[in-house]
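Following this note's numbering, the residues of the sequence shown are numbered contiguously, the last one being 181. To keep things clear, I will list the structure first and then write my remarks on it.
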Amino acid sequence: MQLRFSPDKWLALFFLAFALFVIFVWAPLDTDTGLVEKVRRKFVVGDAMGPTVAGVFIAIGSLLVFLRSGTAKSLSSENVFWLTALFGLFVLSLVTMRYAGPVALAWTESGYRPLRATAPWHYIGFLLGGTLLVGGLTSLAKRQLSMRDFAVGFATALAIALLYDLPFDDLVLPPNGDV
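Below you can see the structure in the form of structure tokens.
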């Protein structure tokens with residue numbers, strides 16, 4: 003008996019394999035610490051936490067796509083436009099996330115680097131890039147711009163930032179560790 007999967011199921015299997023690779027191979031081999039480390043009787047986020055959490059979300063998404071009923075048809079020009087718009091939004095969001103903090107503090111004498119781990123400065127890039135990403139994705143899906151979508155994006159980015167930042171005193175939100 004031959005397995006006949008639709009293209010979306012093959013895509014789901016590909017990303018499930020990629021997620022498992024990230025979780026079990028890439029993150030452990032690329033980082034020096036585990037998910038959470040105990041340093042001086044205090045728990046701190048390990049280097050492997052971010053990539054592992056991302057891999058788990060990719061795995062969940064790929065399993066949901068695989069279990070979904072229905073079949074995908076061939077790639078159309080509308081699909082190509084959608085993928086191009088998504089790629090452009092991802093690039094714009096990541097560039098905003100990376101450069102919003104340094105640009106916001108370019109006028110100061112000391113610059114961004116000394117302030118990158120202090121509130122509210124370490125939230126600037128993450129919140130602006132995250133708001134742009136979530137609001138933009140929602141707007142693309144609905145095919146209309148709405149301030150409500152960007153407000154939800156801001157609340158979502160803030161919730162994620164606080165979930166990462168509040169439990170750990172020495173965590174630097176991405177991409178501030180590289181700035």
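Cβ coordinates follow ideal geometry from the N, Cα and C atoms, glycine included.
Using the three-state DSSP reduction, which class does residue i fall into: helix, strand or coil?
{"i": "F89", "result": "helix"}
{"i": "F59", "result": "helix"}
{"i": "F7", "result": "coil"}
How many angstroms separate the CA atom of residue i from the CA atom of residue j?
{"i": "F92", "j": "S112", "result": "30 Å"}
{"i": "V97", "j": "V136", "result": "15 Å"}
{"i": "T158", "j": "L22", "result": "26 Å"}
{"i": "G138", "j": "V47", "result": "29 Å"}
{"i": "G90", "j": "W109", "result": "29 Å"}
Which word fits residue i, buried or exposed, when buried means at least 16 other C-beta atoms lie within 10 angstroms of its C-beta?
{"i": "I62", "result": "exposed"}
{"i": "F45", "result": "exposed"}
{"i": "A29", "result": "buried"}
{"i": "M149", "result": "exposed"}
{"i": "T86", "result": "exposed"}
Determine, using beta carbons only, whether residue i and residue j come nearer to each other than 8 Å.
{"i": "I126", "j": "G155", "result": "no"}
{"i": "F68", "j": "A14", "result": "yes"}
I believe residue i touches residue j by the beta-carbon criterion, under 8 Å. Please report the beta-carbon distance rounded to the nearest angstrom.
{"i": "V185", "j": "A50", "result": "Any answer about residue 185 is impossible in this case: the structure gives the chain only from 3 up to 181."}
{"i": "L129", "j": "L94", "result": "The pair is not a contact, with the Cβ atoms about 15 Å apart (cut-off 8 Å)."}
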